[in-house]
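Position one of the sequence shown corresponds to residue 599 (the working numbering), numbered consecutively onward. Have a look at the structure below before the remarks.
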Amino acid sequence: MKKETPQQLRKRAGTIIALLKKKYPDATTRLFHHSPMELLVATILSAQCTDDRVNIVTDTLFKKYKTPQDYANVPQDVLEAEVRSTGFFRNKAKNIRAAAAKIISDFDGKVPATMAELLTLPGVARKTANCVLGNAYKIAEGITVDTHVARLSIRLGFTDKKKPDAVGIEQDLMAIVPREDWIHVSHLLIYHGRATCTARKPDCAGCVLNKLCPSAFRVDA
Numbered sequence: 599m600k601k602e603t604p605q606q607l608r609k610r611a612g613t614i615i616a617l618l619k620k621k622y623p624d625a626t627t628r629l630f631h632h633s634p635m636e637l638l639v640a641t642i643l644s645a646q647c648t649d650d651r652v653n654i655v656t657d658t659l660f661k662k663y664k665t666p667q668d669y670a671n672v673p674q675d676v677l678e679a680e681v682r683s684t685g686f687f688r689n690k691a692k693n694i695r696a697a698a699a700k701i702i703s704d705f706d707g708k709v710p711a712t713m714a715e716l717l718t719l720p721g722v723a724r725k726t727a728n729c730v731l732g733n734a735y736k737i738a739e740g741i742t743v744d745t746h747v748a749r750l751s752i753r754l755g756f757t758d759k760k761k762p763d764a765v766g767i768e769q770d771l772m773a774i775v776p777r778e779d780w781i782h783v784s785h786l787l788i789y790h791g792r793a794t795c796t797a798r799k800p801d802c803a804g805c806v807l808n809k810l811c812p813s814a815f816r817v818d819a
C-alpha cells in the first residue's frame, strides 16, 4: 500500500472503526466488575492471562473482598493462593495489596480518576490506567493497548511501532482515532482480534476489513 498522508490514514481509520461498530455492536470490556476497585484488580490480574480465567478467579474474589481495605488487609500468601491460576501470582498479589494501601493512604479510599494519579499505584501502567478510566469512569484519557490492539494496529497500518512499544502504539492511535472513539476502539479491535484477526491464522477471506487492510492475505504480517 502506498504511504498514506495523515489525513488519508485518519479517514481509513474512521471507515474501519465504523465497520467494526456494525460487526460488534455490543463490544465492551469482558472483565467482570461492579466498581472501579474491582476493575482495577481484574485488570492487574489480566496481565499475561485470558479474561475468561480472570473472570473465574474474580467471581470468587469479589465476593470475599469489597473494598481497598479488604485487599490491603489480606495476607500476601492468602491472596497469592487465590490468584495463582492467573500467573505471575506473587507480583500480582503484591501489587494489588500495595495499590489498595496507597488508595487508602493517598486517595481517601477511592480509586483515583486521573491518569497521573493512577500511574502512582503499584502495578499500574498506562494500559491498566486507561482501562480503569475508560470503563469505570468513562474518561477518555488515552487508548488501552493490549496484545490484540497492538497486533491489529500493526497489521492495519495504524502504526509502524512494534508490539513491545505499547506507549508508542497508543500515541499513534490517538493521532488518528477521534477522541470520542478512544474508549471504544480498543474493545472493537480486541473483539476482532479474537474472532477474525487472530495471531497465528487470521481469517482474511472472511474479514470485513480485508479491502482496507495492508496486511490482508499475508499471514506472516
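Glycine included, C-beta positions come from ideal geometry on N, C-alpha and C. Bear in mind the structure is a predicted one, so any value in this text is a computation, not a measurement.
{"Check": "Close beta carbons around I642, own chain, < 8 Å, minus the five adjacent residues each side", "Outcome": "K690, N693, I694, A697, G721, V722, T726"}
{"Check": "Chain-order list of residues whose beta-carbon lies under 7 Å from that of A699 (same chain, five-residue window excluded)", "Outcome": "A670"}
{"Check": "7 Å CB neighbourhood of I702 in its chain, flanking five on each side removed", "Outcome": "P666, Q667, A670"}
{"Check": "Close Cβ partners of V652 (< 7 Å) along its chain, the five nearest in sequence each way excluded", "Outcome": "L629, A640, L643, S644, T684"}
{"Check": "Element boundaries [alpha helix (DSSP H), containing N808]", "Outcome": "Per DSSP, N808 belongs to no alpha helix (DSSP H) and is neither H nor E."}
{"Check": "Segments of 4+ residues assigned as alpha helix (DSSP H) that fall wholly inside the region 620 to 705", "Outcome": "634 to 643, 649 to 662, 666 to 671, 674 to 681, 687 to 704"}
{"Check": "Reference V747, options M772, D675, R688, closest by Cα", "Outcome": "M772"}
{"Check": "Length of the line joining the Cα atoms of T627 and H785", "Outcome": "6 Å"}
{"Check": "Local conformation of A819 per DSSP, three classes", "Outcome": "Any reading at A819 needs caution, since the residue's pLDDT is 46, under 50, leaving its predicted position unreliable; the model's value is listed next. DSSP places A819 in coil when its eight states are reduced to three."}
{"Check": "Beta-carbon spacing of G791, R749 below 8 Å", "Outcome": "yes"}
{"Check": "Euclidean distance between Cα positions of R608 and A797", "Outcome": "25 Å"}
{"Check": "Rounded separation between K664 and K708 - CA only", "Outcome": "12 Å"}
{"Check": "Residue-chain proximity (A714, chain D), Cβ-Cβ < 8 Å", "Outcome": "No chain D is part of this structure, which consists of one protein chain only."}
{"Check": "Extent of the continuous alpha helix (DSSP H) to which L786 belongs", "Outcome": "780 to 793"}
{"Check": "T745 - containing alpha helix (DSSP H), residue span", "Outcome": "745 to 753"}
{"Check": "6 Å Cβ shell around D801 - same chain, five flanking residues per side excluded", "Outcome": "T794"}
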